[in-house]
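Q: As numbered in the UniProt record's numbering, residues 1 to 160 make up the sequence shown, in order.
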Amino acid sequence: MAAVALEPSILRDRVLKILTPEERWVIFVGPHELHSNLLSWRQSLDELIEISLDDEGLPDMDSLKLKLEAYKNSDRPMLGSFSACSNVTGIYSDMRAIATLLHQYNGFECFDFAAGYLLANQVEDLLAKQGISQSDFWDTCLDFVRPLVVQDRLGFNSLV
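1) Just list the alpha helix (DSSP H) runs in the stretch 57-93, keeping only unbroken ones of 4 residues or longer that don't cross its boundaries, in chain order.
2) Does E33 come out as helix, strand or coil in the three-state DSSP assignment?
3) Count the other C-beta atoms from every protein chain shown that fall within 10 angstroms of the C-beta of E69, then say buried if there are 16 or more, exposed otherwise.
4) Are the beta-carbon atoms belonging to L34 and A114 less than 7 Å from one another?
5) Bridge partners for V26 per DSSP, in chain order?
6) Distance check for E22 and W75, CA to CA, integer angstroms please.
7) Let me know the secondary structure DSSP gives L19 once reduced to three states.
8) Can you say whether L19 is buried or exposed, counting buried as having 16 or more other CB atoms within 10 angstroms of its CB?
9) So, at 6 Å on beta carbons, what are the nonlocal neighbours of D54 in its own chain, with the 5 sequence-adjacent residues on each side left out?
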């Protein structure tokens, strides 16, 4: 018995040839995305649209609106995947404004809190300031596996 291994990009290209545009999600990603997040989207079957920075270093809402407008009649599902916080600058995205704009175009949103561990004690306040209920918030278990600094010493949770 012989095994045949296909490189993921070859398999992806083959599947893309048989999909109609309506079967592919449109994914909007922000300017602060971690490489691991971008890599996952780039290797998916989705169409990836990158949103640039505005003059204040935040996701450019005008650019996002123009790009959403371009796809509004496409009958394609749309998702915005944005970092809640830049792990380089520490700047917070306006999650409420991004979510509101995506919802106006029947889009979905998810926010990556991977950089949120830098200011983990501020996440609850950030959500409250932006009018986001904790019931609207979810996070990946990866953010709970990371070591935490507790009382000036390195600590680990029970998953590590």
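Yeah, the Cβ is synthetic: ideal placement off N, Cα and C, and Gly gets one too. Since this is a predicted model, take the numbers as computed values, not measurements.
A: Quick look at the numbers:
1) 61-71
2) coil
3) E69 is exposed by the Cβ-count criterion.
4) yes
5) E47 and M78
6) Note that residue 75 corresponds to Asp in the displayed sequence, not to Trp. Straight-line Cα distance between these residues: approximately 6 Å.
7) coil
8) exposed
9) D60
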